[in-house]
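Undergrad:
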Amino acid sequence: MPAVRNNQPPSSKHGEYKKPRKRSVSGAILTFAIVVIATVFLMSVFLRISDISVVGNEHYTDDEIIKAIDIEQGDNLFFFDRFAAISRVFAKLPYVEEVSVSRQLPDKVVITVQECKALAYIAVGDENWTIDHSCKVLGKATDNELGDLIRIEGIDPGTLLIGEKLTTSDGDNTAVTFLSDVLYQVQNRQLTEHIKSMDFSDLIGAKLYYGTRFTIMLGGQSSVNHKFAMLESVLEQLKEGDVGVINVSDGTSAHFIPQ
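So this is what it looks like as structure tokens:
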């Protein structure tokens, strides 16, 4: 009698035949892909920007900042590239010192700006150029601005690029670093309205002019913070009619020489 072959797949230990799971896995992948595509589609359709607000700006208008970021109502919030937007702001608006762009669901963008301020100016030929406390070049000064800015003398600037740090014609930026340290102290200690000019012709004998009352002998670029602390201490002790020289150049002691 011929042998009979059993062509049925082997049964499980419980006696049930298990079908291949290939089709169920493929179905799960297809379902997942459909869900992802549907989610992206819905976000691209519904997450449209309808509200843009700007906070912290003084020098620039809201429209100038929004235009620099290159965003407008109707743009998609999901695909908005904040990092590229911030880079565009720094490139186009030199007065912007810090900027952040936050997304608020469902449809709002908030642009928070911190602007630097023109603190001083430096003459280049017949033109006056403004700089901030870090010596960033901000642009040409108007006649109306000059009275509120500190005049910088004794530094020969190189090529001026708006939005870039001041450089010197000889490429040695020691004076610029010194100036930046001094401007920071002046701004931080709220002396801006009193200091009218600075002379960096001699980098070991820098001078500041406090209105028409005091010549401040600052000396070299070491211990700038401590020198300004001593200067403030002397100013607190002087009387309204005092006029003369305040010498803090040695970095260890302060002397007032009346005139």
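If you read the sequence shown in the working numbering, its first letter stands for residue -18, the second for the next number, and so on. Even for Gly, the Cβ is constructed at its ideal location relative to N, Cα and C.
Measure the C-alpha to C-alpha separation of Q85 and R29 and round it to an integer number of angstroms.
TA: Q85 and R29: Cα-Cα distance of roughly 12 Å.
Undergrad: According to DSSP, is T148 part of a helix, a strand, or is it coil?
TA: Residue state, collapsed to three classes: coil.
Undergrad: Across which residues does DSSP place R132 in a beta bridge pair?
TA: Answer is Y102, S178.
Undergrad: Find the nearest neighbour of R132 within the set E174, F64, G144, K146, judged by alpha-carbon distance.
TA: Nearest option by C-alpha distance: E174.
Undergrad: Can at least three beta-carbon pairs, one atom from the stretch 157 to 167 and one from the stretch 181 to 199, be found at a separation below 8 Å?
TA: At 8 Å Cβ cutoff, the stretches touch.
Undergrad: According to the neighbour-count rule (16 or more other Cβ atoms, all chains shown, within 10 Å of its Cβ), is G200 buried or exposed?
TA: Per the 10 Å Cβ criterion, buried.
Undergrad: Just to confirm the assignment, what range does the beta strand (DSSP E) spanning I30 have?
TA: Looking at the DSSP string, I30 is not in any beta strand (DSSP E), and its letter there is neither H nor E.
Undergrad: Measuring CA to CA, which of S115, N57, Y41 is closest to V242?
TA: The structure shown has nothing for residue 242, since the chain only spans -18 to 240.
Undergrad: Runs of 4 residues minimum, wholly inside the stretch 198 to 228: which ones carry the alpha helix (DSSP H) assignment?
TA: Whole alpha helix (DSSP H) segments, 4+ residues: 205 to 218.
Undergrad: Only counting the same chain, and skipping five residues up and downstream in sequence, which positions put a Cβ closer than 6 Å to that of V229?
TA: K208, M211, L212, A235.
Undergrad: Contact check, I103 vs V82 under 8 Å by CB: the rounded distance?
TA: Between V82 and I103 the Cβ distance is about 33 Å, and since that is not below 8 Å, they are no contact.
Undergrad: Flag K89 as yes when its Cβ comes closer than 7 Å to any non-hydrogen atom of the ligand SAH, and as no otherwise.
TA: The ligand SAH is not among the ligands present in this structure, which contains no ligands whatsoever.
Undergrad: As a quick exercise: from H114, Q95, Q54, pick the residue whose alpha carbon is nearest that of R170.
TA: Closest by alpha carbon: H114.
Undergrad: Excluding the 5 residues flanking Q168 on each side, which residues of the same chain have their C-beta closer than 7 Å to its C-beta?
TA: Here the set comprises L100, H114.
Undergrad: Are there 16 or more other CB atoms within 10 angstroms of the CB of M(-18), so buried, or fewer, so exposed?
TA: Bear in mind that a pLDDT of 48 at M(-18), under 50, signals an unreliable position, so the model cannot answer this.
Undergrad: Rank K121, K48, S178 by C-alpha distance to the C-alpha of G144 and give the top, closest one.
TA: Per the Cα distances, K121.
Undergrad: Within the continuous beta strand (DSSP E) that includes F237, where are the two ends?
TA: Element bounds for F237: 236 to 239.
Undergrad: Report back the beta-carbon spacing between I92 and V36 to the nearest angstrom; my notes put them in contact at under 8 Å.
TA: The pair is a contact, with the Cβ atoms about 7 Å apart (cut-off 8 Å).
Undergrad: Going by the CB atoms, is the gap between R69 and D51 shorter than 8 Å?
TA: It is a contact, given that the beta carbons lie within the stated cut-off.
Undergrad: Among residues of its own chain, excluding the 5 on either side of V77, which ones have a beta-carbon nearer than 7 Å to its beta-carbon?
TA: Same-chain partners within the cutoff: V70, F71, V94, E96.
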